[in-house]
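Student: Questions regarding the structure given below will be posed in turn.
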Amino acid sequence: MLHKTANTLPNTVGVGYKPQHFSNILENAEPVEWLEIHAENYMGAGGRPLAQLRALSKRFPLSVHGVGLSIGGEGRLDPDHLARLKHLMSWLNPASFSEHLAWSTHDIHGAGAYFNDLLPLPYTDATLSRVCDHVNEVQDTLGRRMLLENPSSYLAFEESTWDEVAFLTEVTRRTGCGLLLDVNNVFVSATNMQLDPRAYIDAFNHDAVGEIHLGGHDEDEDDHGAPLLIDSHGREVADPVWALYAHTISVGGPKPSLIEWDNDVPAWDVLAAEAARADALLTQVPA
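Residue numbers (our numbering): 472 to 758.
Below you can see the structure in the form of structure tokens.
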């Protein structure tokens, strides 16, 4: 089934919207040209959050990023959650919708358990079939193409029979979905599992990429003293991630690029400075 894309994000810089920045954005959003929201924050019936969102939707292209569908979960997608998401998408009509290649729900003795983390998956044929079924259900329900985000990983599963890039590429082939390439997640996963992040980027299906994410991470070490990076979204983008982003857009071309800063959110000028750094790199890449 073909799924529409209502409009498109510009190949420029966006930021994850936070209500404390509402006035700053209306006064002067430069260099930010589009905004992303988390779907679950706007599924209520009204109030100030929706009023602000309606105002922003008249001035900026918007991207909706879901964190609660549990695309990789073993059970069926939550029909109530999906219905609320459909309602939001229907009236907002954003330029893009994305979700994670992860799971966050599990059925325990008939009662649903919800986890605060986006948990990784083994890359097997069974997982592939389940993820594709869920992606198709989301796209059929929303009537639009969705983007699937690569995860941040801290370990590898012995039972995996696909590498991550091949797995994601096969999902796009079977479902027609696009991809959200999180460059920080690539760097975090590659460091934690001692892989080459540039090789991952070089192998990625850039033709399917509809959005790029950039965010901060925290540095730690495992029990053996090896580096361990945590995808925290709580600080500025690290220099090696900027370098990997520059390589990414040199390989795949300019894409809509988002600064994610979800924890310990800074003042607007700090976030805008991060956006300006991404903008400077984007403008160096031929269209």
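By construction, the Cβ of each residue, glycine as well, lies at the ideal position given by its N, Cα and C atoms.
None of these values were measured; they are calculated from a predicted model.
Label P711 either buried or exposed according to how many other C-beta atoms from any shown protein chain fall within 10 Å of its C-beta, with 16 as the threshold for buried.
Tutor: Of the other Cβ atoms in all chains shown, fewer than 16 fall within 10 Å of the Cβ of P711; this residue is therefore exposed.
Student: Could you work out which residue in N621, D691, S534, E690 is closest to F675 when comparing CA atoms only?
Tutor: For F675, the closest alpha carbon among the candidates N621, D691, S534, E690 is that of N621.
Student: Write down every uninterrupted run of the alpha helix (DSSP H) in the stretch 609–646 whose length is 4 residues or greater and which is fully enclosed by it, in chain order.
Tutor: 635–646
Student: Would you decide whether L618 is buried or exposed? Buried here means 16 or more other CB atoms lie within 10 Å of its CB.
Tutor: buried
Student: So for W732, helix, strand or coil by DSSP?
Tutor: coil
Student: In angstroms, rounded to a whole number, what distance separates the CA positions of Q491 and V736?
Tutor: Each residue's Cα considered, the two are about 9 Å apart.
Student: Assign D702 to one of two classes, buried (16 or more other C-beta atoms within 10 Å of its C-beta) or exposed (fewer than that).
Tutor: buried
Student: Please report how far the alpha carbon of H509 lies from the alpha carbon of T632, in whole angstroms.
Tutor: 32 Å
Student: Is G487 near W713, with beta carbons less than 8 Å apart?
Tutor: It is not a contact, given that the beta carbons lie outside the stated cut-off.
Student: For a test of the three-state rule: what should DSSP assign to E501, helix, strand or coil?
Tutor: coil
Student: Looking only at C-alpha atoms, which of T483, V609, S624 sits nearest to V659?
Tutor: S624
Student: With G649 and R601 assumed to form a contact (beta carbons below 8 Å), what rounded beta-carbon distance in angstroms separates them?
Tutor: Going by Cβ atoms, the distance from G649 to R601 rounds to 19 Å, so no, they are not a contact pair.
Student: Three-state secondary structure (DSSP) at P698?
Tutor: In the structure shown, P698 sits in a strand (DSSP, three-state: E or B).
Student: From S494 to A751, what distance separates their C-alpha atoms?
Tutor: 25 Å
Student: Name the DSSP bridge partner or partners of V659?
Tutor: V659 pairs with nothing; no bridge assigned.
Student: As a quick exercise: from V636, L556, L639, M664, pick the residue whose alpha carbon is nearest that of D611.
Tutor: L556
Student: Tell me I683's beta-bridge partners as DSSP assigns them.
Tutor: L652, S728
Student: Is the stretch 549–565 touching the stretch 495–505, taking contact as three or more C-beta pairs under 8 Å?
Tutor: no
Student: What residue from P698, T662, K726 has the CA that sits closest to V680's CA?
Tutor: K726
Student: Taking only three categories from DSSP, how would you classify H536?
Tutor: strand
Student: Helix, strand or coil, according to DSSP, for I760 in the structure here?
Tutor: Beyond the ends of the chain as shown, which are 472 and 758, falls residue 760; an answer cannot be given.
Student: Can you tell me whether S528 is helix, strand or coil according to DSSP?
Tutor: helix
Student: Tell me, please, which residues DSSP counts as bridged to D689.
Tutor: I701
Student: Given a threshold of 16 other Cβ atoms within 10 Å of its Cβ, counted over all protein chains shown, does F628 qualify as buried or as exposed?
Tutor: exposed
Student: Comparing alpha-carbon positions, which option in D673, L553, R669 lies nearest G614?
Tutor: Nearest of D673, L553, R669 to G614, Cα basis: L553.
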